[in-house]
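Numbering (our numbering), first residue to last: 6 to 110. Yeah, the Cβ is synthetic: ideal placement off N, Cα and C, and Gly gets one too. Source: prediction; values computed, not measured. To start, the structure under review is shown below, and the notes come after it.
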Amino acid sequence: MNKYTITRFLVTYNQENELEIIKKEVNKHAPINRVLDRVGYFAFEFVKVNNYKYIVNYEKSEKDALKSKLLISRTHPTEDRLIDISDEDLECTYSIIERFMGIKL
Numbered sequence: 006m007n008k009y010t011i012t013r014f015l016v017t018y019n020q021e022n023e024l025e026i027i028k029k030e031v032n033k034h035a036p037i038n039r040v041l042d043r044v045g046y047f048a049f050e051f052v053k054v055n056n057y058k059y060i061v062n063y064e065k066s067e068k069d070a071l072k073s074k075l076l077i078s079r080t081h082p083t084e085d086r087l088i089d090i091s092d093e094d095l096e097c098t099y100s101i102i103e104r105f106m107g108i109k110l
């Protein structure tokens with residue numbers, strides 16, 4: 006990873022309607038709509054799982070419903086900045102998926 010990018014998890018359904026967790030390396034300063042490949046407004050929530058803090062982005066229209074796509078980013082424990090998400094975060098990601106998408110993994 007270079008210093009201008011950050012790794013996030015994109016959780017979405019593929020063409021076979023199966024859930025996919027995709028590691029996505031993106032520019033740190035890219036707006037969320039570029040990361041999600043669609044122009045528009047997106048909602049977000051701060052979530053704490055196992056003492057780790059995450060930011061979860063999703064479609065604004067799904068605010069009060071189960072989500073169809075999530076972008077999960079991890080925050081630094083003591084500084085106000087994002088850090089790379091890694092395979093070690095998968096367990097927490099499963100918990101986030103269950104909460105926001107209603108799917109138990």
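Residue i and residue j closer than 8 angstroms at C-beta
i   : j   : result
K33 : Y9  : yes
I37 : N62 : yes
K65 : F51 : no
V40 : V31 : yes
When the options are compared against residue i, the one with the closest alpha-carbon
i    : options               : result
A70  : E21, R104 and L110    : R104
T80  : G45, S91, Y63 and K65 : S91
D85  : I102, T17 and Y59     : Y59
D94  : I77, Q20, V40 and A35 : I77
M106 : S100, K72 and Q20     : K72
Y18  : T98, E96, T83 and L75 : L75
K29  : T12, T83 and N22      : T12
K68  : L24, F14, E25 and F49 : F49
Rounded straight-line distance, which links the Cα of residue j to that of residue i
i    : j   : result
K109 : I88 : 26 angstroms
N55  : C97 : 7 angstroms
Y99  : E23 : 15 angstroms
F14  : E25 : 10 angstroms
T83  : K53 : 14 angstroms
With 16 other Cβ atoms within 10 Å as the buried cut-off, status of residue i
i   : result
I27 : exposed
Counterpart residues of residue i in DSSP-defined beta bridges
i    : result
N62  : F49 and L76
I108 : Note: I108 sits in no beta bridge, so no partner.
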